[in-house]
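Inspection log for the structure reproduced underneath, given as structure tokens.
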Amino acid sequence: MIHYFKADLFKIQKEQRLTISLGILALLSFLSAFLLHGNEDFTSSLIQLLSQFITLFFIVPTNLFFGEDFTYRTINHIIIKQQIRKGVFFYKVLATLVLDLAYILLAYLLSSSIGLLLGAPVDVAVIIHSFIAQTPLFICISLLSILIFVKSNKVNQAYLAFSLISLLFDNVTNLITSNLLHMTLPTDYFLFLSLQQGEHITQLSMGVSFISAILYLYLSYFIFSRKELK
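With this note's numbering applied, the sequence shown corresponds to residues 1 to 230, in that order.
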């Protein structure tokens, strides 16, 4: 497994899409800070804005560990050496989660630093508390992206499915339930919308994310353990 980890590090260093995604992330972080730097409640507004699109970047690490290995059949070599898939699966899950959270930290660090340079009132405590509160939801969403990539036979399908869910699912579902079904569901039931609450994420949202995370992890492993590898 150590050799596979070293191979992944080499792949990350050589991965052009990873570099491109980091560049886009830096640009969006700069634009977010620039647009909000005159806002009195800069930090909370920044967290809310970044939370609307930041999960889209989860696609890159998930594709790196669960997309390309299947596309180029490199997953076969490590599974043959390991003989069992459980260790491979959980290694890939952990690596994906670490990279996803690294994207979040980088976005918050860059945008807050730019805010400071622009003279915005950056509250570091709010950023730290928001990240801690959001982490269970980020982990849940990351596991959802893994499930989508493991289930999909084509990387492009996984890209599209996760992007649509990340950007539209909560808003569309909320519109349908409120306008067609005349039901008003709390934001706490919607993971992507709950992210925008920052440090004020409720215990209900935490509970929903915890249950969903267990379900996504189980389904991902179930599919992965039975996936036909050629």
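Think of the CB as a built atom: it goes at the ideal place given N, C-alpha and C, for glycine as much as any other residue. Given the structure is predicted, the values throughout are model-derived calculations rather than measurements.
Just to confirm the assignment, what range does the alpha helix (DSSP H) spanning L118 have?
Premise fails: L118 is in no alpha helix (DSSP H) and is neither H nor E.
G38: buried (16+ other C-beta within 10 angstroms of its C-beta) or exposed?
Per the 10 Å Cβ criterion, exposed.
Indicate whether S44 and V124 have their beta-carbon atoms separated by less than 8 Å.
Contact flag unset, no.
Cβ pair I165, F138 closer than 8 Å:
The answer is no: Cβ separation not under 8 Å.
Kindly indicate the opening and closing residues of the alpha helix (DSSP H) around S166.
Taken as a continuous stretch (DSSP letters only), S166 belongs to no alpha helix (DSSP H), as it is neither H nor E.
Could you tell me whether the region 143 to 157 touches the region 212 to 225, using the rule of 3 or more Cβ pairs below 8 Å?
Touching, yes, given that three or more Cβ pairs across the two stretches are closer than 8 Å.
Look up P61 in the DSSP assignment and say whether it is helix, strand or coil.
In the three-state scheme derived from DSSP, where H, G and I count as helix and E and B as strand, P61 is classed as helix.
Is it buried or exposed, N76, if we count other Cβ atoms within 10 angstroms and call 16 or more buried?
The predicted model places N76 with a pLDDT of 47, which falls under 50 and marks its position as unreliable; any figure quoted below should be read in that light. Exposed, by the Cβ-count rule.
Under a three-way DSSP split, which group does R85 fall into?
R85 falls in the coil class under three-state DSSP.
Mapping the DSSP letters down to three states, classify D100 as helix, strand or coil.
Assigned with DSSP and collapsed to three states, D100 falls in helix.
Alpha carbon of G198 to alpha carbon of I47, nearest angstrom
Spanning the alpha carbons of G198 and I47 requires a straight line of approximately 6 Å.
Hey, how far is the Cα of T202 from the Cα of T55?
Those two C-alpha atoms are separated by around 19 Å.
S51 to Y216, Cα distance in whole Å?
Between the alpha carbons of S51 and Y216 lies a gap of roughly 21 Å.
If you follow the alpha helix (DSSP H) that P186 is part of, which residue opens it and which one closes it?
First-last for P186: undefined, no H or E at that position.
Leaving aside the five residues before and after S225 along the sequence, list all residues of the same chain whose C-beta is less than 6 Å from its C-beta, in chain order.
Only R85 meet the Cβ criterion.
Can you confirm whether the region 128 to 136 touches the region 174 to 188 when touching is taken to mean that 3 or more C-beta pairs between the two stretches lie within less than 8 Å?
The region 174 to 188 vs the region 128 to 136: no contact.
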